[in-house]
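Note that the sequence shown covers residues 6 to 328 in our numbering. Ideal Cβ placement from N, Cα and C applies to all residues, glycine included. Because the structure is a prediction, the values reported are computed rather than measured. Worksheet for the structure shown next.
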Amino acid sequence: MHFFDADATRAALPFEALIDALRTRFATGCEVPPRHVHEIVNPLGEAGQDAAGRRMTSLLMPAWIPGQFYGVKIVNIAPGNARRGLPGLHGSYLLFDARTGAPLAHIDGDQITARRTAAASALAASYLARPDAKHLLVVGAGRVAQLLPAAYRAVRGIDRVTVWARDPAHAQALAAQVRATGLAAFASTDLPAACAEADIVSCATLATEPVMRGDWLAPGVHLDLIGGFTPAMREADDACFAHARIFVDTDEALQKSGDLLVPMQHGVFSADEVRGTLTTLCKGVATGRKGATERTVFKSVGNALEDLAAAVLVYESAGAARA
6 MHFFDADATR AALPFEALID ALRTRFATGC EVPPRHVHEI VNPLGEAGQD AAGRRMTSLL
66 MPAWIPGQFY GVKIVNIAPG NARRGLPGLH GSYLLFDART GAPLAHIDGD QITARRTAAA
126 SALAASYLAR PDAKHLLVVG AGRVAQLLPA AYRAVRGIDR VTVWARDPAH AQALAAQVRA
186 TGLAAFASTD LPAACAEADI VSCATLATEP VMRGDWLAPG VHLDLIGGFT PAMREADDAC
246 FAHARIFVDT DEALQKSGDL LVPMQHGVFS ADEVRGTLTT LCKGVATGRK GATERTVFKS
306 VGNALEDLAA AVLVYESAGA ARA
């Protein structure tokens, strides 16, 4: 059994290769059963411990390619960890031989999650963003947001990045990080103005109320919504979806994302009007962008298929499968 820590996992997942792996896996498919969710309530014992501090949620996300690989991502979310000085989320990925059940690899789950999430957005943009898109606006400054410029550069000729975040200092820090890679990057405190200039707007926040307004967006923009992965979370208002071509990573997004559920409840669009998924785009069944002036919107919530594709890439690219 091979162990891949965070650095090894990151090195094995360059975005060009990861996007190609996701494109192939979405086109060819795999088995993805519903994820398991377990609430673990711990006994009292820590000073100042409240209800959140006692509770941990564990997510188990399995997927397999019959006759080849079986994998499970385990994500543990502990809201009380901020008080303990620890990250609130820890993830691990276990990869097995699907024929024998033999363990093949233990892989850093946090790196897999962050990098496959950014790569899925870039994969969607390869079908949905204008071919001449060059200006990327990143809304947010967290772990996934930090990866978006590199991911998008793998599919479009991005030459300028603007960063907006609720904390201007975090936006400045991310802009400086992007500039260090040789790319022009600037922090903005004026989100409406930044939206008006962008060719691609990618939101990676934990917002529960919309931070993005449809009337801020320029004609022909591609809007990517990453953060709202529960019914209680929203990054975009209803107007973002009006008169837009809407795509999702999987149909599950229509049941899980507040960004989609709320405007559907308001009659802005119906589920039947969603134009495609990453599967139908990658298979060539769905048509992506049709014109230079239309707005496209992509909403993702994540899927175990993406984790499995990334894990197999880590295992195979490191030479472990041939050892």
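Using a Cβ-Cβ cutoff of less than 7 Å, which residues in the same chain neighbour ALA159 once the five nearest sequence positions on both sides are dropped? Excluding positions up to five away in sequence, the list reads PHE20, GLU21, ILE24 and ALA127.
Check ASN86 in the structure and name its three-state DSSP category. DSSP, read as helix, strand or coil, puts ASN86 in helix.
Which one of SER193, ALA198 and PRO268 has the shortest CA to CA distance from GLU214? Cα-wise, what sits closest to GLU214 is PRO268.
Does DSSP classify VAL175 as helix, strand or coil? It is worth fixing the name first, because residue 175 is His in this sequence and not Val. If DSSP states are grouped into helix, strand and coil, HIS175 belongs with the helices.
So what does LYS295 bridge to, in DSSP terms? None, per the DSSP bridge assignment.
Integer-rounded CB distance, given that GLY263 should sit under 8 Å from THR235: Contact annotation, THR235 with GLY263: C-beta distance approximately 7 Å; criterion of less than 8 Å satisfied.
Indicate the three-state DSSP secondary structure (helix, strand or coil) for LYS139 in the structure shown. Looking at LYS139 - three-state DSSP - the assignment turns out to be coil, as it is neither helix nor strand.
In its own chain, which residues sit with a C-beta less than 6 Å from the C-beta of ALA241, not counting the 5 before and 5 after it? Correct list, in chain order: PRO215, MET217, LEU230 and ASP264.
Among residues of its own chain, excluding the 5 on either side of ALA190, which ones have a beta-carbon nearer than 6 Å to its beta-carbon? Excluding residues within five positions, the ones whose Cβ falls inside 6 Å are VAL166, ALA180, VAL183 and ARG184.
Taking DSSP's pairing of strands, which residues face THR282 in a bridge? Its beta-bridge partners are VAL253.
Contacting residues, own chain, Cβ-Cβ under 7 Å from LEU133 (five flanking each side not counted): Counting only Cβ-Cβ distances below 7 Å, and skipping sequence neighbours, we find HIS227, PHE252, GLY293, ARG294, THR301 and PHE303.
Short check: CB of GLU36 to CB of ARG60, under 9 Å? For GLU36 and ARG60, no; Cβs fall outside 9 Å.
Report the three-state DSSP secondary structure of PRO268 (helix, strand or coil). PRO268 carries a helical assignment under DSSP once its states are collapsed to helix, strand and coil.
Here's the rule I'm using: 16 or more other beta-carbon atoms within 10 Å means buried, otherwise exposed. How should LEU313 be labelled? With 16 or more Cβ atoms within 10 Å of its Cβ, LEU313 is classed as buried.
Among all the DSSP beta bridges, which residues are the ones paired with VAL183? None; VAL183 has no bridge partner.
Quick check on DSSP: helix, strand or coil for ARG30? ARG30 carries a helical assignment under DSSP once its states are collapsed to helix, strand and coil.
Helix, strand or coil at PRO67 according to DSSP, with G and I counted as helix: In the three-state reduction of the DSSP assignment, PRO67 falls in the strand class, which pools E and B.
Hey, out of CYS287, ARG250 and LYS261, whose CA is closest to ASP277's CA? Of the listed residues, the one whose Cα sits closest to ASP277 is ARG250.
Please say whether SER207 and LEU286 have beta carbons closer to each other than 9 Å? Going by C-beta atoms, LEU286 is not nearer than 9 Å to SER207.
Rounding to the nearest angstrom, what Cα-Cα distance links THR33 and PRO173 in this structure? For the pair THR33 and PRO173, the Cα-to-Cα distance works out to about 42 Å.
Contiguous beta strand (DSSP E) assignments of at least 3 residues, all confined to the stretch 86-123: Listed in chain order, they are 94-102 and 108-113.
Once you ignore the five residues that flank SER131 on each side, which residues in its own chain have a CB closer than 6 Å to its CB? The beta carbon of SER131 sits closer than 6 Å to the beta carbons of VAL160 from its chain, once the five residues preceding and following it are set aside; these are given in chain order.
Quick one: Cα of ARG104 to Cα of ILE70, how far? Those two C-alpha atoms are separated by around 10 Å.
Have a look at HIS95, THR29, ASN47 and GLY145 and flag the residue whose alpha-carbon is nearest the alpha-carbon of ALA192. The shortest Cα separation from ALA192 among HIS95, THR29, ASN47 and GLY145 belongs to GLY145.
Specify, as a first and last residue, the run of the alpha helix (DSSP H) that ALA11 falls within. Per DSSP, ALA11 belongs to the alpha helix (DSSP H) from 11-16.
What does the alpha-carbon distance come out to for the pair LEU100 and ALA223? A direct Cα-Cα distance of roughly 43 Å separates LEU100 from ALA223.
Say whether chain B places a C-beta atom closer than 9 Å to the C-beta of ALA247. Of the protein chains in the structure, only one exists, and it is not chain B.
Go ahead and pull the three-state DSSP assignment for SER207. Shown here, SER207 sits in a strand according to DSSP, grouped into three states.
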